[in-house]
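Let me begin by presenting the structure, written as structure tokens, before commenting on it.
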Amino acid sequence: EGMSKPVEKVLLRGLGLVLLAVALVFGLLRLGVLPGQRTSVSAATIQSSFTDVAELATQDYSFTDVGKYSEDNKEVLGVEVPMTGSSFLVTYSGTVKAGIKDASAVTVDVDDASRTVTVTAPAVQVLSTSIDPDTVTTYDQSLNPLNQTEVSDVTGFLSDQEKSEEDKAVKGGLLTKAQDRAESLLTEQVKATLKGTEQEDYAVKVTFKDAAGK
């Protein structure tokens, strides 16, 4: 005779649990979450780790300087008019920042054959140059009733000084240092994303486009 109903139910339930366990194991194997199993990471996954970064400032150049503004006496019909010039001295401090303008524009290529991840980033550039207004001190102004110093004179002068300080920073190697730092940060980011995957030992190569975007 056939098995009793209670025994049959127990066997079917046991078989169902076995099939469920097998399916679960295969599922975990596919996901790579069981001990000894590691997943692979796509280029899109690595690249997405940069999409939320609007700007990657990698190097700062701080400056403190003194500038002199002078305006010669005006001339009328070729004759210099006394007491129409002006001058002043300004001390100031500020910062020039350089880095990658849009980190979301970074692209990634994963080459499994050479076991290499290549990261291509936009050219490093000056992101901002600013003089801290709290550090600005104006003194030694010419007391000229015919041509008094105005706020616009100081503001325009400081704007010119910002450009001058930016040029000094670039000539002093700011962009080179910023690129070296950006390369290090991008490499660290990729390695962190690869950690624990089957591509963990892949080499990471970082290249930068030129200023024209090529």
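Taking the numbering used here, I'd label the letters of the sequence shown as residues 1263 to 1476. Built from N, CA and C at the ideal position, the CB exists for glycine as well. Here the structure is a predicted model, which means the values were calculated and not measured.
query: Which residues share a DSSP beta bridge with residue 1319?; result: 1361
query: Give the secondary structure of residue 1461 by DSSP, where H, G and I count as helix, E and B as strand, and everything else as coil.; result: coil
query: With DSSP as the reference, label residue 1310 as helix, strand or coil.; result: helix
query: State the DSSP-derived secondary structure class of residue 1302, mapped to helix, strand or coil.; result: coil
query: If you measure between the beta carbons of residue 1465 and residue 1385, is that distance less than 8 Å?; result: no
query: Just how far apart, CA to CA, sit residue 1320 and residue 1461?; result: 27 Å
query: What did DSSP end up calling residue 1398 once you bin it into helix, strand or coil?; result: coil
query: So, do the segment 1347 to 1356 and the segment 1391 to 1402 have three or more beta carbon pairs nearer to each other than 8 Å?; result: yes
query: Could you name the residues of the same chain whose beta carbon sits closer than 8 Å to that of residue 1317, not counting the 5 residues immediately before and after it, in chain order?; result: 1361, 1362, 1363, 1364, 1365 and 1389
query: Suppose the cutoff is 7 Å on Cβ atoms and the five residues either side in sequence are ignored; what does the same chain contact list for residue 1470 look like?; result: 1383, 1385, 1386 and 1441
query: In the DSSP output, which residue or residues are listed as bridge partners for residue 1370?; result: 1381
query: Does DSSP put residue 1472 in a helix, a strand or coil?; result: coil
query: Grab me the residues of residue 1423's own chain with a C-beta within less than 8 Å of its C-beta, minus the 5 sequence neighbours each way, in chain order.; result: 1327, 1329, 1352, 1354 and 1393
query: Inspect the beta-carbon positions of residue 1451 and residue 1369 and report whether they are closer than 8 Å.; result: no
query: Evaluate residue 1306 with the Cβ neighbour count: other Cβ atoms within 10 Å of its Cβ, from every protein chain shown; 16 or more gives buried, anything less gives exposed.; result: exposed
query: Whole angstroms is fine: what's the gap from residue 1367's alpha carbon to residue 1447's?; result: 15 Å
query: Go to residue 1452, then tell me how far its alpha helix (DSSP H) extends in each direction, as first and last residue.; result: 1436 to 1456
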